[in-house]
Every structure is written in structure tokens, then in C-alpha cells.
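**Q** In my numbering, the protein residues as written are 1 to 312. Let me begin by handing over the structure; questions about it come next.
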């Protein structure tokens, strides 16, 4: 991973855009949509600046860049064809520990701007790390068709009910509860604009779940194949993403483990031929115990456990 994806809170923060081109206008628009106040340094501004949202938060403050323009800034975006001039600005920002992005010059950037799917408050970012922006935009376009615009409304509904769910449902049950909600008719009601019905249904689900004992856990047996994530079935991936505990052996590759739910507990049980770090009987008892604790437990085996008789 060449970059760590980080979402910046720029509400009421002050940012600087150096450049007045159409590309600079698009960069300024991203900052304005994030709630920032944007100062622009450029001799002229493309007409696209006039059509930007929240234009009252946009101000042209200079014809050209000077280091003093960095005072009080929280982020800088540079759209400058001249490589030497771009480097000068980027170096000045870095010297003041201000995050800086230079359009089309990733080597000068301390952060990059991904392609964005905006379903606020849900945000999805797609990036090639500056290596292939066209490919990143193609992937974003494909994802746009798979994520309904109303997902933002669904997230907002969950946010409104967050405190009520926290008060009514035990901590160890909340994740499973919300997964049940998002897979229930509540989601479809929100997608079709029936918010009142969705809230009634969600109220009933909270009432039905409140005070219940720990739900019964489950055990999933998944064969991870020879180690290539592309060979996983959709169902295997879904189970890997929802499991609370991952019990895996030596033959499971790291790329496969990387596909599992990141905050799941991971238990290594070894298992080489004639050298089992944990005996099979103990593994079986462990799976039963974890399920009785209400945990969704995934037994992930490398190779094909059914063809080679290693299922279980």
C-alpha cells in the first residue's frame, strides 16, 4: 500500500488553490463541497469558478504565489504547468508542514485526491496512487452504478437511531443487529423514499431485539483454494467479511487473510502434515465454544478441503 487513505475534516478550514484554470476550478469545488474556505492565487480565473457552489467561501487573493499566502492554511492544491514553479510552492508548503497536492505531479504531493463516490455521509474513494487516473475514474464509474444514491439516506437514518440502539442493545450484539437492519426491508423502504415506514419497522426491530440474550453463534467452513483471492466465491467472501473470529491454518495465504473482516479476532492453528500446532479435536471444541458464545466463527482452510479430504 503506497498511500494511507485518510479523510480530512475541512469544515471552516482555510485552504489555498494556486492556479486559475478549469482544472483548478474543479479542485476548488472539492474543497468547497467539503466546507472549506478557499483562497485562490492566479492572474485570471476560468469561467468555471463563477459556477462553483458556496462561491461566497471563495476569494481570489493574489495574482501569483508568495510564501506569505500559506499563513493560516490547512491544505494547498497547486495546478501549475511549470514544474520548477510547482516544486517551489510544494517545498514551501512542506516546510510549514501543510499538506500539499500538485496536479499531475504525484512526486511533489504529500497527499493525492482520489476519484470520489459521494453518498454523504457515505464516501467511497478510488485511487491508483497517481499511476493511472483514467483507470481509477473507470472503476469509480462502475461503482457509481452499484451504489444507490439513497445509501446516504440509509446512513443518516442509522445515525439518528444510533443512541437508541446503544441504549437498548448490548454492545456485543450491535454489529449483528445493524447488519440485520441493512439486509431487512428497512433498507428498501429508505431507497424507495418511504422513510416513515422505515422508521416504524426499525422501531419494531429495536423493541424485538432489546434485552435478548446473546444470539446463537454460527460456524462457517470455507475452503480458501490455492491462495488467489480471485478464485473465492461471492458467498465465501461474504462470510469472511461478517465473521467475528477467523480460525486459519498455515496454507491460507496473506492475500486471502487480507480479504477477511479487519477487526475480526484471528486464531492461528498451524496444521502441517504430521505436525499440527493445535490438534483437530481441540479445534473442533474451540469452534463449538466460540459459537456458544454467540460468535460467528469462520474456519478458513488453505487448499481445497473437500477434494483433499481435509474438511472439518
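In this text, a Cβ means the ideal position worked out from N, Cα and C, and glycines have one as well. Just so you know, these numbers come straight off a predicted model, no measurement behind them.
1. Between the segment 27–36 and the segment 48–58, can you find at least three pairs of beta-carbon atoms closer than 8 Å?
2. Please state whether DSSP places residue 289 in a helix, a strand or coil.
3. For residue 243, name the three-state secondary structure that DSSP assigns.
4. Would you mind sorting residue 138 into buried or exposed? The rule is 16 or more other CB atoms within 10 Å of its CB.
5. Check this for me: beta carbons of residue 198 and residue 189, under 7 Å apart or not?
6. Runs of 4 residues minimum, wholly inside the segment 48–112: which ones carry the alpha helix (DSSP H) assignment?
7. Let's test the definition: count the other Cβ atoms within 10 Å of the Cβ of residue 37 and tell me whether it reaches 16, buried, or not, exposed.
8. Decide if the segment 73–84 is in contact with the segment 97–110; the criterion is three or more beta carbon pairs, one per stretch, under 8 Å apart.
9. Tell me which residues share the same chain as residue 256 and place their Cβ nearer than 7 Å to its Cβ, disregarding the 5 neighbours each side in the sequence.
10. Pair every Cβ in the segment 2–10 with every Cβ in the segment 20–27, then say whether three or more of these pairs are closer than 8 Å.
11. The alpha helix (DSSP H) that contains residue 168, what's its start and end?
12. Return the chain-ordered list of same chain residues with a C-beta closer than 8 Å to the C-beta of residue 70, the five sequence neighbours on each side being excluded.
13. So the alpha helix (DSSP H) residue 174 belongs to, where does it begin and stop?
14. If you follow the alpha helix (DSSP H) that residue 145 is in, where does it begin and where does it stop?
15. Take the Cβ of residue 243 as the centre, count every other Cβ of all protein chains shown within 10 Å, and call the residue buried at 16 or more, exposed below.
16. So, helix, strand or coil for residue 17, using DSSP?
17. Roughly how many angstroms lie between the CA atoms of residue 237 and residue 186, to the nearest whole one?
18. Roughly how far, in whole angstroms, is the beta-carbon of residue 247 from the beta-carbon of residue 299, given that I think they are within contact range, below 8 Å?
19. In the DSSP assignment, find the beta strand (DSSP E) that holds residue 328 and state where it starts and stops.
20. Determine the direct distance from the alpha carbon of residue 258 to that of residue 10, and round the result to whole angstroms.
21. Between residue 303 and residue 204, what straight-line distance do the alpha-carbon atoms span, to the nearest angstrom?
22. Return the CA-CA distance between residue 183 and residue 122, expressed in angstroms with no decimal places.
23. If I follow the unbroken alpha helix (DSSP H) through residue 206, where does it start and stop?
24. Assign residue 117 to buried or exposed, taking buried as 16 or more other Cβ atoms, counted over all protein chains shown, within 10 Å of its Cβ.
25. Which of the three DSSP states, helix, strand or coil, is assigned to residue 297?
26. Using a Cβ-Cβ cutoff of less than 8 Å, which residues in the same chain neighbour residue 156 once the five nearest sequence positions on both sides are dropped?
27. How many whole angstroms separate the CB atoms of residue 245 and residue 297, which I take to be in contact at a CB cut-off of 8 Å?
28. Does residue 28 pass the burial test, meaning 16 or more other C-beta atoms within 10 Å, or should it be called exposed?
29. Give the DSSP-derived three-state secondary structure of residue 230 in the structure shown.
30. Expressed to the nearest angstrom, what Euclidean distance is found between the alpha-carbon atoms of residue 239 and residue 263?
**A** The relevant details are as follows:
1. Touching, yes.
2. Within the chain shown, numbered from 1, the residue matching residue 289 stands at position 289. Helix, per DSSP.
3. Along the chain shown, read from residue 1 onward, the residue named residue 243 stands at position 243. Correct three-state label for residue 243: coil.
4. Position 138 of the chain shown holds residue 138. It counts as exposed.
5. Here residue 198 corresponds to residue number 198 of the chain shown, with the count starting at 1. Here residue 189 corresponds to residue number 189 of the chain shown, with the count starting at 1. Taking 7 Å as the Cβ cut-off, residue 198 and residue 189 qualify as a contacting pair.
6. List check, alpha helix (DSSP H) in window: 83–95.
7. Start at 1 with the first residue of the chain shown, and residue 37 comes out as number 37. Label assigned to residue 37: buried.
8. With the rule of 3 Cβ pairs closer than 8 Å, the segment 73–84 counts as touching the segment 97–110.
9. The residue labelled residue 256 in the question sits at position 256 within the chain shown. 224, 227 and 229.
10. no
11. Counting from 1 along the chain shown, the entry for residue 168 is found at position 168. Its alpha helix (DSSP H) spans residues 151–168.
12. The residue given as residue 70 occupies position 70 in the chain shown. 16, 76, 92, 93, 96 and 98.
13. As a working note, residue 174 is residue 174 in the chain shown. Where residue 174 is concerned, the enclosing alpha helix (DSSP H) stretches over 171–182.
14. In the chain shown, the residue the question calls residue 145 occupies position 145. Unbroken alpha helix (DSSP H) run through residue 145: 133–146.
15. As a first step, residue 243 is located in the chain shown; it is residue number 243 there, counting from the start. So residue 243 ends up on the buried side.
16. For this step, residue 17 is matched to residue 17 along the chain shown. DSSP, read as helix, strand or coil, puts residue 17 in strand.
17. Residue numbering aside, residue 237 sits at position 237 when the chain shown is read from its first letter. Residue numbering aside, residue 186 sits at position 186 when the chain shown is read from its first letter. If you take the alpha carbons of residue 237 and residue 186, they lie about 24 Å apart.
18. The residue you call residue 247 lines up with position 247 of the chain shown. The residue you call residue 299 lines up with position 299 of the chain shown. Indeed, because the Cβ distance is near 5 Å, the residues count as touching under 8 Å.
19. In this structure the chain extends from 1 to 312, so residue 328 is not present and cannot be described.
20. Reading the chain shown from its first residue, position 10 is the one you call residue 10. Reading the chain shown from its first residue, position 258 is the one you call residue 258. Taking the straight line joining both Cα atoms gives about 31 Å.
21. Translated into the one-based positions of the chain shown, residue 303 becomes position 303. Translated into the one-based positions of the chain shown, residue 204 becomes position 204. Each residue's alpha carbon lies about 44 Å from the other.
22. For the purposes of this step, residue 183 is taken as residue 183 along the chain shown, with counting starting at 1. For the purposes of this step, residue 122 is taken as residue 122 along the chain shown, with counting starting at 1. If I take the Cα positions, the gap works out to 17 Å.
23. By 1-based counting over the chain shown, the position of residue 206 is 206. Unbroken alpha helix (DSSP H) run through residue 206: 195–209.
24. Position 117 of the chain shown, counting from 1, holds the residue named residue 117. In summary, residue 117 is buried, with 16 or more beta-carbon neighbours lying within 10 Å of its beta-carbon over all protein chains present.
25. Looking up residue 297 in the chain shown gives position 297. Strand.
26. The residue labelled residue 156 in the question sits at position 156 within the chain shown. 121, listed in sequence order.
27. By one-based count along the chain shown, residue 245 stands at place 245. By one-based count along the chain shown, residue 297 stands at place 297. Between residue 297 and residue 245 the Cβ distance is about 5 Å, and since that is below 8 Å, they are a contact.
28. Sequence index remark: in the chain shown, residue 28 carries index 28 (1-based). The residue is buried, with at least 16 neighbouring Cβ atoms inside 10 Å.
29. Within the chain shown, residue 230 is the residue found at index 230, counting from 1. Residue 230: helix per DSSP, three-state reduction.
30. By 1-based counting over the chain shown, the position of residue 239 is 239. By 1-based counting over the chain shown, the position of residue 263 is 263. Spanning the two alpha carbons is a distance of roughly 14 Å.
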